[in-house]
Amino acid sequence: MDYKKIYNSIIKNRIENVYDGYTENHHILPKSLGGSDDKSNLVKLNAREHFICHLLLTKIYDYHTSSGKKMVKAFMMMMCKSENQKRYITSKEFKVLREKFAQIQSESQLGEGNSQYGKRWNWIHNNKTRELKKLDLESNLPVGWEYGNIFDLDKIELLNEQLKQEKIIKKEIMVNQLNSYYEIYKSVGFEEFVNITGYTKSKPNLVTSFKRHVKSFIPQN
């Protein structure tokens, strides 16, 4: 079973169809795996979808690996109940309901008894736009179109890595600027520093930035 595909479909559905009710923020690429808090890595899911997505993540990542172990721990945390979080069933109840659901689905989808027999819903895309269409199994796609959805977890991981690199570069630029600022500040004092640089924040704010990011910073009495 393609668990990543199922995961992607849940995420994609909620990105395109906002849920009208109680929702929870979900990191598409989990924070424990390096996912960012950037909007592109966040989606609002209802409680059931959030639970299912974390279950799927335990199957997407091999539990023998560090990433897999983190996903198992994250899922087990979601199984915990508190006074304000009574939305998740126990593992035993989940197993029973899952087996029953699988059996019902199997029986309802047999041969011509299936109302969708001979047809399928598919996402198709041309790398610019995407559409959900009900197609005959033997139908040919329009020229330039392919089966599948543009969105997938792999692309989110790639985007997350790009964002991380951008943050590293931005931090390097900021640290270099603060080092330059510190040299000016040491030489002329805060008031003249403001006149030279156009700095708009307070002196305590500037000194705090020096403490955090300038290795050569020496506090002044």
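Each residue of the sequence shown is one higher than the one before, counting from -11 in the working numbering.
C-beta: ideal position from N, C-alpha, C; glycine also.
Bear in mind the structure is a predicted one, so any value in this text is a computation, not a measurement.
Checklist entry - Could you give the C-beta distance for Y(-9) and L44, rounded to a whole number, given that I count them as a contact under 8 Å? => result Counting from 1 along the sequence shown, the entry for residue -9 is found at position 3. Counting from 1 along the sequence shown, the entry for residue 44 is found at position 56. About 5 Å separates the two Cβ atoms, so the contact holds.
Next on the checklist: Three or more C-beta pairs under 8 Å: does that hold for the region 173 to 191 against the region 49 to 58?
Outcome noted: no
Checklist entry - So the beta strand (DSSP E) L43 belongs to, where does it begin and stop? => result Here the question's residue 43 lines up with position 55 in the sequence shown. No beta strand (DSSP E) holds L43; the alpha helix (DSSP H) holding it covers A35 to I48.
Checklist entry - Of the choices Y169, M59, T196 and K191, whose alpha-carbon is the least far from that of T185? => result Indexing the sequence shown from 1 puts residue 185 at position 197. Among Y169, M59, T196 and K191, the Cα nearest to that of T185 is on Y169.
Checklist entry - Which same chain residues, not among the five before or five after H42, have their C-beta less than 7 Å away from its C-beta? => result Residue mapping note: residue 42 aligns to position 54 of the sequence shown, counting from 1. Only A62, F63 and M66 meet the Cβ criterion.
Checklist entry - Rounded to a whole number of angstroms, what is the C-alpha to C-alpha distance between P18 and E119? => result Here residue 18 is taken as the residue at index 30 of the sequence shown, counted from 1. Here residue 119 is taken as the residue at index 131 of the sequence shown, counted from 1. One C-alpha to the other measures close to 28 Å.
Item to check | Bridge partner(s) assigned by DSSP for L30 | outcome: Position 42 of the sequence shown holds residue 30. Bridge partners of L30: H15.
Next on the checklist: Using 9 Å as the threshold, is the C-beta distance between A35 and E4 below it?
Outcome noted: As a first step, residue 35 is located in the sequence shown; it is residue number 47 there, counting from the start. As a first step, residue 4 is located in the sequence shown; it is residue number 16 there, counting from the start. Result no, Cβ atoms of A35 and E4 do not sit closer than 9 Å.
Item to check | Nearest neighbour of G23, chosen from L146, T196 and S190 [CA to CA] | outcome: As a first step, residue 23 is located in the sequence shown; it is residue number 35 there, counting from the start. Per the Cα distances, L146.
Checklist entry - My guess is that V195 and L166 are in contact by the Cβ rule of under 8 Å, so how many angstroms apart are they, rounded? => result Here the question's residue 195 lines up with position 207 in the sequence shown. Here the question's residue 166 lines up with position 178 in the sequence shown. At roughly 11 Å, the Cβ-Cβ gap does not stay under 8 Å, so V195 and L166 are not in contact.
Item to check | Helix, strand or coil at Y187 [DSSP, three-state] | outcome: As a first step, residue 187 is located in the sequence shown; it is residue number 199 there, counting from the start. DSSP places Y187 in coil when its eight states are reduced to three.
Checklist entry - Can you tell which of G56, D25 and R2 has the C-alpha that lies nearest to the C-alpha of E37? => result Position 49 of the sequence shown holds residue 37. If we check each option's Cα against that of E37, R2 comes out closest.
Checklist entry - In whole angstroms, what separates the C-alpha of D142 from that of Q208? => result In the sequence shown, counting from the first residue as 1, residue 142 sits at position 154. In the sequence shown, counting from the first residue as 1, residue 208 sits at position 220. Cα-Cα distance, rounded: 50 Å.
Item to check | Alpha-carbon spacing of N183 relative to F39, whole angstroms | outcome: Residue 183 sits at position 195 when you count from the first residue of the sequence shown. Residue 39 sits at position 51 when you count from the first residue of the sequence shown. Answer to the nearest angstrom: the Cα atoms are 55 Å apart.
Item to check | Straight-line gap, L30 to S175 (C-alpha atoms, nearest Å) | outcome: Along the sequence shown, read from residue 1 onward, the residue named residue 30 stands at position 42. Along the sequence shown, read from residue 1 onward, the residue named residue 175 stands at position 187. Distance between the alpha carbons of L30 and S175: 45 Å.
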